[in-house]
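Undergrad: Below is a structure I'd like to ask you about.
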Amino acid sequence: MNDLLPPAPSEARRFRVRSLWAGLLLIPATLLVVVLALASERGTACVMRGTCADIPGACYLGTLAVALGALVWTQTTPDGAPPTPARKAGLAVLLGAGLTFLTLVAAHFAG
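With the sequence shown counted from 1, adding 81 to any position gets you my numbering.
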């Protein structure tokens, strides 16, 4: 009877799924921040009059590179053993870099 049931997902697999969701949800979160910023008076003035904040592109790329590196680090968690504290810290870095990126995007339109 137990042969018909799929095996329970390991802790490492659940961890990889959580980190993948954290990485993938950065895309719709960015779109939401842009829409909300453009709905404000400052965001509209930024687009219409060019009064956006001058945030260097390297800041955006840096936070995205850190987030991508942390995503790769968490996705390479091996099966069989629970995630190590370093892998869990990678998930925290992924979330922190994503939030920093979203803050930079919002700050650009708040200029």
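Backbone N, C-alpha and C fix where the C-beta goes; we use that ideal spot for every residue, glycine too.
Which residue marks the beginning of the alpha helix (DSSP H) containing Pro109, and which one marks its end?
TA: In the sequence shown, counting from the first residue as 1, residue 109 sits at position 28. Looking at the DSSP string, the run of the alpha helix (DSSP H) that includes Pro109 is 107-119.
Undergrad: At 4 residues or longer, what runs of the alpha helix (DSSP H) sit wholly inside the segment 134-161?
TA: Fully enclosed alpha helix (DSSP H) runs of 4 or longer: 138-156.
Undergrad: Enumerate in chain order the residues of its own chain whose CB-to-CB distance from Leu107 is below 6 Å, with the five nearest sequence positions on each side excluded.
TA: By 1-based counting over the sequence shown, the position of residue 107 is 26. Around Leu107: Gly179.
Undergrad: Are Gly104 and Leu183 touching if we call contact CB-CB under 9 Å?
TA: One-based indexing of the sequence shown puts residue 104 at position 23. One-based indexing of the sequence shown puts residue 183 at position 102. Cβ atoms of Gly104 and Leu183: not closer than 9 Å.
Undergrad: Who are the near neighbours of Ala126 in its chain, counting only those whose CB is closer than 6 Å to its CB and skipping five residues on each side?
TA: Here residue 126 corresponds to residue number 45 of the sequence shown, with the count starting at 1. Thr132.
Undergrad: Exposed or buried, Leu142, counting other C-beta atoms within 10 Å across all chains shown (16 or more means buried)?
TA: Residue 142 sits at position 61 when you count from the first residue of the sequence shown. So Leu142 counts as exposed.
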